[in-house]
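Numbering (this note's numbering), first residue to last: 1 to 182. Where a beta carbon is used, it is the ideal one built from N, C-alpha and C, also for glycine. Small disclaimer: the values here were computed from a predicted structure and weren't measured. All remarks here apply to the structure that follows.
Structure follows, in structure tokens:
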């Protein structure tokens, strides 16, 4: 082992001091942003599970959804959900097993509650999370209508959504099931 010279000892002490100071800085964080309040956490902590757990109170009709869609969705997703700069949401001619499959709500989405959750969190693209729960229920009703899953008189709420089985409900593996496929 090499002899500890005064210069090496000083360097060793400086390194240890730097490590100790760095550890204290890590506890304080990088100093970015601002603390999040409990109210802000509640606003964003609103997951909806595939079984419907977490669905909020509220309701919406196909007719209300059509009006909201025209105002807030059609500029990206096109008239009647046929697609534009945003994805095609309805009107699929080809099934997922065809040579040119079309992934629309009616052919691809396995759970209507996932559609609700996604729409609620991230739409419209220019103002994600700005839709009221009633608006989301109405939009989901309209989108389900466009895909032939509900009729034009449908009223969507938590109970109605839980009762809907999507055409591709069995098309995905649920990683949370103990015995998938049973």
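Collapsed DSSP secondary structure at residue i in the structure displayed
i           : result
residue 104 : coil
residue 80  : helix
residue 97  : coil
residue 60  : strand
residue 155 : strand
Residue from the options whose Cα sits closest to the Cα of residue i
i           : options               : result
residue 107 : 152, 134, 136 and 91  : 91
residue 166 : 11, 109, 47 and 7     : 109
residue 67  : 50, 47 and 136        : 136
residue 46  : 174, 159, 170 and 119 : 119
Other residues of its chain near residue i: CB distance less than 7 Å, five sequence neighbours each side excluded
i           : result
residue 94  : 100, 101 and 102
residue 77  : 83, 84, 86, 87 and 89
residue 63  : none
residue 126 : none
6 Å Cβ shell around residue i - same chain, five flanking residues per side excluded
i           : result
residue 96  : 107
residue 122 : 128
CA-to-CA distance, residue j to residue i, given in whole angstroms
i           : j           : result
residue 190 : residue 145 : The question about residue 190 has no answer here: the residues shown for the chain are numbered 1 through 182.
residue 132 : residue 12  : 60 Å
residue 56  : residue 156 : 12 Å
residue 33  : residue 80  : 41 Å
residue 172 : residue 65  : 28 Å
residue 70  : residue 31  : 43 Å
Min CB distance residue i to chain C below 8 Å
i           : result
residue 155 : Chain labels in this structure do not include chain C; a single protein chain is all it has.
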